[in-house]
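Chains as they are written, first to last, in this note's numbering: chain A, 22 to 443; chain B, 2 to 433.
Virtual Cβ for every residue (Gly too), placed ideally from N, Cα, C.
Pasting the structure below:
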């Protein structure tokens with residue numbers, strides 16, 4: 022019997038545009054190799070100075086592929102919505118009303134209960150000037166935080182540049198680092214779901230030696246040496262933690278009545294994040310992601326499943342955090358590279374569009390709506406008008422969650438979204 | 002660098018950039034033959050498109066009903082075909098004596114990045130690969146036209162959903178943005194109009210055969226990039242590729258993958274003009290014969306597949322003969338690069354994206370797995386002290402840094418471990 026490779030699943034019958042971190046192809050170039058502390062210093066840091074309780078933590082959830090905002094936060098009383106996309110609307114009575122005119126997708130019950138607890142801010146109509154409908158360009162804009170000028174650094178990478186050099190400060194789950202966390206002086210670390218294992222013995226010693234930079238290194242060779250060094254740094258700190266069981270979400274029912282099926286990749290990622298936060302990892306910013314939102318065909322059911330995953334994973338994660346005493350510290354930011362067209366295409370799906378809602382979730386958030394809902398009767402070239410600039414959101418997140426000068430990191434951006442307590 | 006190092010640099014780049022690295026003895030032979038002779042060898046037109054016989058994949062026909070006994074057999078067949086396809090290409094990359102053709106095919110796979118995750122069947126992916134081989138060094142205009150009729154690409158970009166009544170813009174947008182012109186060289190109106198010119202085609206999913214359905218065709222005139230008329234997909238694609246923007250765009254994509262993703266293509270580089278007739282061979286010839294490969298700043302990180310294939314070539318390992326195809330697949334998946342499964346239509350990332358701490362670990366265990374299968378008699382016969390120099394030639398490395406030399410010193414009495422360290426060193430992970 023021949024062993025067969027795992028067949029990549031055909032996910033929900035739609036494009037896998039998205040699955041992993043998008044690309045440098047988009048033109049987001051890379052950081053210079055970071056000068057680093059020694060292994061011992063960093064291992065010490067994780068053990069001797071865990072993140073103090075009460076330090077705000079940001080968890081960024083990227084939805085790759087372009088999430089259809091109109092079927093996420095739904096203008097369920099507006100006949101224009103039903104007329105524009107007859108094949109892919111939901112029955113109004115199945116939705117989860119948030120107000121007299123907007124409702125959440127029926128699958129987002131977890132986020133609805135957080136909304137009811139005043140922990141969800143929905144920023145409406147978020148985008149940037151001159152919307153770009155390319156996945157790559159638009160995601161590059163969202164991740165660099167720069168619509169006009171092409172930057173080599175991510176918006177959180179530039180925040181990292183203001184922090185002490187430490188590969189634990191920002192961590193992305195998955196093998197490839199998203200441009201979001203690329204800085205000029207230092208970048209975040211990438212952590213695969215299975216965790217890392219440190220090379221041992223003679224090979225381990227030789228790898229430690231390999232991880233030194235050499236004066237003759239070009240920048241990429243120095244970066245290769247650094248990646249080896251970070252393997253030692255991150256794995257020393259992270260490995261023991263990953264072996265522990267995840268914190269229990271004891272206020273959630275253990276059996277989910279909804280869709281069956283095992284862990285999704287997003288819930289696995291957030292599970293690892295939960296363990297590490299609970300262990301006191303000195304990490305201020307986390308990045309996780311879910312792909313599959315490029316719903317050009319047969320959207321209604323597929324998107325509902327995806328949003329259900331997002332909602333359930335985040336709800337479980339926040340619940341797990343309660344036991345750690347850190348749930349009050351956490352803010353979750355959920356965004357996608359663009360929304361989708363108002364009109365359905367011929368395949369019961371939607372093509373690439375413009376503005377969409379951004380979610381901010383957590384105890385530090387002042388729940389409610391922010392920004393204006395884009396009007397369905399005042400479309401711009403068939404698309405939703407952008408009512409809130411995405412830098413308003415970033416600026417407030419940088420300021421209120423990470424305690425950093427948001428405007429400065431965002432090329433002197435002045436706007437903000439006042440969605441946080443205090 | 003002194004002139005001897007410069008020669009090693011240029012020859013190392015000829016091996017690693019325009020191919021997948023040297024086979025045993027090739028690097029030393031190229032050093033004595035010189036740069037010009039090595040270039041000429043690279044540029045010799047290929048005698049055939051494939052050197053390892055591709056698998057014979059039959060049409061599996063319609064999928065039996067769910068839960069029927071026949072569906073089990075069917076799924077097994079399908080998995081088996083996918084495995085054959087995957088192993089065949091890896092073997093071809095290792096075995097091919099015409100490394101430029103192979104490297105170009107690999108480049109085009111990342112350019113017209115189509116994933117079996119959505120296409121689902123091996124046969125259309127094989128057919129696409131054959132098309133890419135055929136045009137790998139050919140005329141880009143003819144190539145682009147042929148790719149319109151490629152079933153795998155049509156399925157991947159929802160071409161079959163694009164009808165007169167309800168256009169789907171996925172294919173038309175990517176045709177301009179990612180395949181022929183580059184972003185910002187067209188308007189949203191062009192995307193919509195091009196989508197109409199692309200209507201009327203359907204695909205037999207199991208074979209990738211594309212056929213015309215007149216009832217779905219929008220027969221009215223379209224205006225794309227200033228040209229108005231009733232145009233066939235081939236005519237309108239020809240118009241796209243004829244744009245000056247297309248000439249520069251393809252040259253830039255080649256530059257990005259073969260020279261540098263960090264430094265941009267110089268405005269006056271001769272390879273741009275060499276592509277005036279959209280002849281890919283002329284473009285590559287101009288690049289290879291320019292002074293570019295001797296300029297130190299153009300280093301690149303090898304992608305996981307490039308790194309793995311290079312190692313197999315140096316160690317005379319045939320990927321399909323490795324102990325477990327499943328393991329091989331999963332190592333490549335952990336490193337985030339599986340042939341036939343690009344992450345999205347933009348293809349794979351480049352450079353630093355491959356340098357996370359996670360990939361450092363995976364590379365190490367993958368190298369250990371591969372090197373365990375290698376015959377190291379020759380390396381063992383070399384004295385401990387001379388082994389690093391022997392490995393530099395075997396792997397096509399310019400020179401070991403003091404750092405790597407120091408790391409090697411601790412393991413040079415153990416050929417297997419020494420090779421693992423060499424394979425995971427910055428000098429080998431990065432093409433200098």
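Cutoff 7 Å; reference residue i; Cβ partners in own chain excluding five residues on either side
i             : result
residue 101/A : 397, 398
residue 414/A : 144, 147, 379, 438
residue 55/A  : Here residue 55/A scores only 25 on pLDDT, less than 50, and its place in the model is too uncertain to base an answer on.
residue 364/A : 105, 106, 403
residue 416/A : 427, 428, 431, 434, 436, 437
Chain-order list of residues whose beta-carbon lies under 6 Å from that of residue i (same chain, five-residue window excluded)
i             : result
residue 365/B : 425
residue 176/B : none
residue 408/B : 422
Any C-beta of chain B under 8 Å from that of residue i
i             : result
residue 89/A  : no
residue 441/A : no
residue 238/A : yes
residue 224/A : yes
residue 171/A : no
residue 292/A : no
residue 252/A : yes
residue 407/A : no
residue 177/A : no
residue 363/A : no
residue 154/A : yes
residue 106/A : no
Residue i, DSSP secondary structure in three states
i             : result
residue 287/B : helix
residue 212/B : strand
residue 413/B : coil
residue 210/A : strand
residue 87/B  : helix
residue 57/B  : coil
residue 1/B   : The question about residue 1/B has no answer here: the residues shown for chain B are numbered 2 through 433.
residue 199/B : coil
residue 243/A : helix
residue 52/B  : coil
residue 145/A : strand
residue 204/B : strand
residue 173/A : coil
residue 140/B : strand
residue 430/A : helix
residue 173/B : helix
Alpha-carbon to alpha-carbon, residue j and residue i
i             : j             : result
residue 402/A : residue 326/A : 30 Å
residue 339/B : residue 330/B : 7 Å
residue 269/B : residue 185/B : 22 Å
residue 381/A : residue 120/B : 36 Å
residue 387/B : residue 47/B  : 36 Å
residue 219/A : residue 99/A  : 57 Å
residue 200/B : residue 157/B : 15 Å
residue 140/B : residue 395/A : 47 Å
residue 418/B : residue 382/B : 15 Å
residue 402/B : residue 427/B : 9 Å
residue 203/B : residue 11/B  : 47 Å
Any chain A beta carbon closer than 8 Å to residue i
i             : result
residue 64/B  : no
residue 319/B : no
residue 425/B : yes
residue 56/B  : no
residue 403/B : yes
Cβ shell of residue i (< 8 Å), same chain only, five flanking positions each side left out
i             : result
residue 17/B  : 303, 307, 311, 397, 432
residue 356/B : 302, 430
residue 19/B  : 43, 100, 101, 104, 259, 285, 289
Would you mind listing the alpha helix (DSSP H) stretches within the segment 283–370 of chain A that are 4+ residues and don't spill past its ends, in chain order?
-> Within the segment 283–370 of chain A, the complete alpha helix (DSSP H) runs of at least 4 residues are 286–299, 320–345.
With 8 Å as the C-beta to C-beta threshold (strictly closer), list the residues of the segment 263–278 of chain B near chain D in chain order.
-> Protein chains A and B are contained in the structure displayed, whereas chain D is not.
Alpha helix (DSSP H) segments (min. 4 residues) lying fully within the segment 294–366 of chain B = Runs of the alpha helix (DSSP H) inside the segment 294–366 of chain B: 305–316, 326–335.
Scan the segment 54–142 of chain A and note each continuous alpha helix (DSSP H) run of 4 residues or more that stays entirely inside, going in chain order.
-> DSSP runs (the alpha helix (DSSP H)) wholly in the segment 54–142 of chain A: 60–69, 100–105, 130–137.
Mind pulling the beta strand (DSSP E) runs of 3 or more residues that sit fully within the segment 217–275 of chain B?
-> Fully enclosed beta strand (DSSP E) runs of 3 or longer: 223–225, 228–230.
Which ranges does the alpha helix (DSSP H) cover as unbroken runs of at least 4 residues, wholly within the segment 373–414 of chain A, from first to last along the chain?
-> Annotation note: the segment 373–414 of chain A contains no uninterrupted alpha helix (DSSP H) run of length 4 or greater.
Note down, one range per segment and in chain order, each alpha helix (DSSP H) of at least 4 residues found wholly within the segment 7–34 of chain B.
-> Unbroken alpha helix (DSSP H) runs of no fewer than 4 residues, entirely contained in the segment 7–34 of chain B, are found at 27–34, following chain order.
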